[in-house]
Each structure stands twice: as C-alpha cells, then as structure tokens.
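Whatever position you read off the sequence shown (first residue = 1), add 65 for the numbering used here. Remarks on the structure that follows.
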Amino acid sequence: MEDQLLGEDTLLWQLRESRRRFRRTPLSLPQYNQPFEDAPLVQMSTLTYETPQGTSHSTLLNILQFRV
Numbered sequence: 066m067e068d069q070l071l072g073e074d075t076l077l078w079q080l081r082e083s084r085r086r087f088r089r090t091p092l093s094l095p096q097y098n099q100p101f102e103d104a105p106l107v108q109m110s111t112l113t114y115e116t117p118q119g120t121s122h123s124t125l126l127n128i129l130q131f132r133v
C-alpha cells in the first residue's frame, strides 16, 4: 500500500514538472522568433537560398559550407 502511495506521489510530481515545463515554453519562443543575421534564408517551396554568388539549391552540406 505504501509503495502505491509513493508511486502516485512520484507520478503527481512528474505531472506537475511536465506542466511547469510546458507553461514555460512560450516564454522562450520570442527570443528565437527573429531572423538570424548570418543564417541563410531557405525558401521551403523550392529549397533554394540566396548567396553572394546567386541562388543556390539547398542541401545540408551547401548550407554548412556557406556559413563557414
């Protein structure tokens, strides 16, 4: 019986922690909801982005090389 109560207490504590983390999520979103100065902007419909040399097709390797 005591083990069951401890298990329920643990579950309630975990649920409270989960709710707390979920409530804090919107607080951290505004800092990421802005363009990054040095990040290439990829057009999702065509998977292309602008470089100093012109438009380029987007691949992970290309984006990583562009950022370096």
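Just so you know, even glycine gets a beta-carbon here, dropped at the ideal spot from N, CA and C.
Per DSSP, what kind of secondary structure is residue 108 in: helix, strand or coil?
strand
Please return the same chain residues whose Cβ sits closer than 6 Å to the Cβ of residue 103, not counting the five positions on each side in sequence.
none
Bounding residues of the beta strand (DSSP E) (the contiguous stretch that carries residue 102)
That residue, residue 102, is in no beta strand (DSSP E); it is neither H nor E in DSSP.
Can you name, in chain order, every residue of its own chain whose Cβ lies under 7 Å from the Cβ of residue 28, other than the five neighbours on each side?
This structure does not reach residue 28, given that the chain is present from 66 up to 133, and the question cannot be answered.
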